[in-house]
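Numbering (this note's numbering), first residue to last: 519 to 707. Comments concern the structure below.
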Ligand SMILES: C[S@@+](CC[C@H](N)C(=O)[O-])C[C@H]1O[C@@H](n2cnc3c(N)ncnc32)[C@H](O)[C@@H]1O
């Protein structure tokens with residue numbers, strides 16, 4: 519079943535996000551945790567030969583797409599700011615378009631780093647406050663109402679800068695759409 523979210527995201531997926539997902543999601547390996555699993559759009563880009571297990575975490579799973587092969591996924595209800603897993607549990611953590619709506623960005627990132635094994639990979643895509651001043655001003659204006667109609671989605675955050683402050687090394691990073699979308703693959707020291 520196509521959800522409202524899929525319909526809303528379709529033009530952005532087609533223009534930018536699919537390309538980014540195809541570039542970075544296949545580098546997930548081993549025990550994988552996806553935070554903010556949503557409709558499960560990243561599943562199709564995983565390289566199954568490299569994956570031991572997938573754990574999908576979200577606040578709830580009512581909107582999970584029917585096309586997901588649910589047999590091979592462990593679904594866990596929970597929140598990014600308080601991950602219900604021991605330290606160093608996962609080889610890879612994936613987060614795409616979730617840090618905009620967590621209640622505490624820094625705590626969520628600390629939790630992601632905590633549950634990653636040393637040398638583990640964090641794969642992310644986020645929309646961020648664009649570099650361009652005019653666009654940034656527009657985003658700040660939109661942000662007065664947008665979180666109220668879009669499930670708490672904040673369009674003025676800069677999660678890529680917060681990620682860079684952690685003890686990590688970037689394997690790959692980039693941006694699209696006038697720096698609105700930032701993505702990367704990092705390894706934890
Ligand atoms: C914009 S959707 C992104 C879905 C998917 N990751 C993608 O790339 O299309 C954000 C998802 O994050 C989930 N989410 C929001 N806040 C969260 C939190 N604090 N902890 C875990 N998941 C959260 C939402 O329920 C939703 O499924």
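Note that the Cβ used here is the ideal one computed from N, Cα and C, for glycine as well. Computed from a prediction, not measured in an experiment: that's the story for all the values here.
Cβ-heavy atom distance, residue i to ligand 1, below 7 Å
i, result
"residue 576", "yes"
"residue 546", "no"
"residue 559", "yes"
"residue 614", "yes"
"residue 491", "Coverage of the chain is limited to positions 519 through 707, which leaves residue 491 absent and any answer about it impossible."
"residue 751", "Nothing about residue 751 can be reported from this structure: the residues present for the chain run from 519 to 707 only."
"residue 554", "yes"
"residue 631", "no"
"residue 695", "no"
"residue 540", "no"
"residue 595", "no"
"residue 528", "no"
"residue 599", "yes"
Burial state of residue i (16 or more Cβ within 10 Å)
i, result
"residue 626", "buried"
"residue 685", "exposed"
"residue 667", "exposed"
"residue 655", "exposed"
"residue 618", "buried"
"residue 622", "exposed"
Contact set for residue i: own chain, Cβ-Cβ below 6 Å, skip 5 residues either direction
i, result
"residue 697", "648 and 649"
"residue 579", "593"
"residue 571", "549"
"residue 691", "702"
Beta bridge counterpart(s) of residue i as assigned by DSSP
i, result
"residue 576", "595"
"residue 687", "705"
"residue 600", "597"
"residue 642", "613 and 702"
Cutoff 7 Å; reference residue i; Cβ partners in own chain excluding five residues on either side
i, result
"residue 637", "705 and 706"
"residue 674", "647, 657, 658 and 661"
"residue 616", "553, 554 and 598"
"residue 664", "671 and 673"
Beta-carbon separation (whole angstroms), residue i vs residue j, contact threshold 8 Å
i, j, result
"residue 538", "residue 643", "5 Å"
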